[in-house]
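Counting in our numbering, the sequence shown runs from 68 upward without gaps.
We treat Cβ as the ideally placed atom computed from N, Cα and C, and that holds for glycine.
Notes follow the structure.
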Amino acid sequence: MNPEELFKNIISHSKEYGFIFQSSEIYDGLSSVYDYGQLGAELKKNLRDYWWKSMVQMHQNIVGIDAAIFMHPTTWKASGHVDAFNDPLIDNKDSKKRYRADVLIEDHMAKIMAKADKEVEKAKNKFGETFDEALYRSTNPRVLENINKANAIEARFKQALEDNNLEEVRQIIIDCEIVCPISGTKNWTEVRQFNLMFSTQIGSVSEEANTVYLRPETAQGIFVNYLNVQKTGRMKIPFGIAQTGKAFRNEIVARQFIFRMREFEQMEMQFFVRPGTEIEWYNYWKETRIKWHRTFGFGDNKHRFHDHLKLAHYANAACDIEFNFPFGFKELEGIHSRSDFDLKQHEQFSGKKLQYFDAELNESYVPYVVETSIGLDRLFLAVYSESLKEETLADGSTRTLMSLPFALAPVKAAILPLVNKDGLPEKADEIVNLLKYDFNVTTEAKDAIGKRYRRNDAIGTPYCITVDYDTMENNTVTLRNRDTMEQQRVAISELKGIMDQTASLSSLLKQLD
Ligand code: ATP
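As structure tokens, this is what we get:
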């Protein structure tokens, strides 16, 4: 399947099986807002739980909170969001479509780099084992030409961002001859800044002062609670505060399904450290997070680090973990060393001291912060797109397979009575009752057994447990593994143990040690 087909397939599969629906679909939907259906909600919850437990439960010095979405409006003045949470926008005069200028340029650079990669790929296939990729990349004229071209645009773009020079950003678009994908023309407007925060009114509607924002990130809820948590939790530096929750951004280029949404969920952790140790912790969190991503078992080539082109003025290091989505490598998670900027800003705007007394040093200071910030919906898309496959079997037939890590699957086992009579469905219910305290399991008796297997393969259920006439005699069942399709006869009493070892969240968490 080519990437475009795969992406279309992901969207239709997610609707067909109840993972994701368009929001308010009966009214033709709301752009870039999505609802998670019965299976999607389970998968999303499992991903959230995995993140939460790996942060909070696996680290003695990290605790979790749940702050409100609404915050005092001054929070967003202090954080810089009121004045500077902007995207550079450009309109095409012919199609009247609006784009993010930075995205147009980044996509253009990615296309040029893809040409170089294609050239390398061709040579790799041609020369086989003896191929020296690094040498080829640094010497082949066609590859070099494209790499140099992309690098030159990147350098120019970086400078324009640093100078906040929107005219130059527009000029890059013109010089690169970037066209509107809809109209195909280069008839562009000026580049303008657009604030991404949604605002609404709290209490009586008329007064200006009652304007509140839907939070555009969860991090500020952590910063304003930093001292509350530190004091009541008696936290000693270094320590972290984690949080998951909804965030809202009035995204302009709202496309690519759940990759870029207007309402989405973030999972963020702010790690408070002694000034001067932040780079050490930044490197620690880079390693820790990439290791976490690799436990999904997608291989080492699916994730890569991408250093930020332009550092925010308060950051002294920042990178993204990018994932190879069906539409190419894109940001999945950000890791940022944010200095003491946020806490100092909140000190200044609130007039309250937000210092930490370091008993070892016998001094007080405002801690430095290293943050890890990941979008739950983007993680969902990464895991979903990587797991969904069409597989050709030995007999030439095909099956749709969702090869999710067992521990994350929405349904862990389907208990299937071979026939819908003779006490077999009741026996299946008994097994459900045995497993339901630890695992989300289902039972279904309708359709031929092969059809039921296929349906469960397509939603990622790791185990199908078949109840047959022998079960009634000796309390054994057939346990079918989703990936290998192998069936083994096991005692009902063994099921929980097998599933604990292979399909529980703790089995995944253990890989982090
Ligand atoms: P992008 O450059 O893609 O807009 P960002 O750099 O603005 O992302 P951050 O502010 O660092 O993103 O947010 C942290 C994480 O939140 C991102 O890595 C991403 O996974 C997620 N995220 C941000 N915006 C959205 C969105 N509109 N929809 C879904 N997830 C998002």
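Around the Cβ of residue 380, a 10 Å sphere holds fewer than 16 other Cβ atoms; the residue is exposed. Secondary structure at residue 304: coil, using DSSP grouped into helix, strand and coil. By the beta-carbon neighbour count (other beta carbons within 10 angstroms, threshold 16), residue 334 is buried. Three or more Cβ pairs closer than 8 Å define a contact, and the region 142 to 150 meets that threshold against the region 279 to 294. Membership of residue 70 in the alpha helix (DSSP H) is indicated by the continuous run 70 to 83.
Fewer than three Cβ pairs drawn from the region 451 to 461 and the region 412 to 425 lie within less than 8 Å of each other, which leaves the two stretches out of contact. Each residue's CA atom was taken as its position, placing residue 499 and residue 491 some 13 Å apart. A straight line joining the alpha-carbon of residue 138 with that of residue 247 spans about 39 Å. Cβ atoms of residue 382 and residue 403 come within 8 Å of each other, at about 6 Å. Beta-bridge pairing by DSSP links residue 397 to 390.
Between the alpha carbons of residue 129 and residue 345 lies a gap of roughly 16 Å. Under the three-pair Cβ rule at 8 Å, the region 337 to 351 counts as touching the region 431 to 440.
Residue state for residue 484 is assigned as strand, using DSSP reduced to three classes. By DSSP's assignment, residue 159 forms a beta bridge with 255. For residue 456, the three-state secondary structure derived from DSSP is strand. Residue pairing from DSSP places residue 266 in a beta bridge opposite 280. Between the region 146 to 160 and the region 236 to 251 there are three or more C-beta pairs closer than 8 Å, enough to call the two in contact. Here residue 129 carries a strand assignment [DSSP, helix/strand/coil].
The shortest CA-to-CA distance from residue 185 to any of 487, 203 and 170 is the one to 203. Contact between residue 395 and residue 440 does not hold, since the beta-carbon distance rounds to 21 Å and is not under 8 Å. With respect to the C-alpha of residue 446, the residue from 205, 506, 317 and 389 having the closest C-alpha is 389.
The three-state secondary structure of residue 511, taken from DSSP, is coil. Closest in alpha carbon position to residue 323, among 564, 527, 575 and 74, is 74. Secondary structure of residue 333 (DSSP, three-state): strand. Residue pairing by DSSP places residue 153 opposite 262 in a beta bridge. Ranking 127, 125, 88 and 488 by CA distance to the CA of residue 108 puts 88 first. The continuous stretches of alpha helix (DSSP H) do not include residue 440, which lies in the beta strand (DSSP E) extending over residues 435 to 442.
Between the region 469 to 478 and the region 565 to 574 there are three or more C-beta pairs closer than 8 Å, enough to call the two in contact. DSSP places residue 232 in the coil class of the three-state scheme, outside both helix and strand. Beta-bridge partners of residue 430 (DSSP): 425. With a cutoff of 8 Å on beta-carbon distance, residue 146 and residue 287 are scored as near each other. As far as DSSP is concerned, residue 123 takes part in no beta bridge. DSSP places residue 372 in the uninterrupted beta strand (DSSP E) bounded by 370 to 374. When the Cα atoms are used, residue 444 and residue 285 turn out to be separated by approximately 14 Å. Of the candidates 217, 482, 522 and 371, the residue whose Cα lies closest to the Cα of residue 507 is 482.
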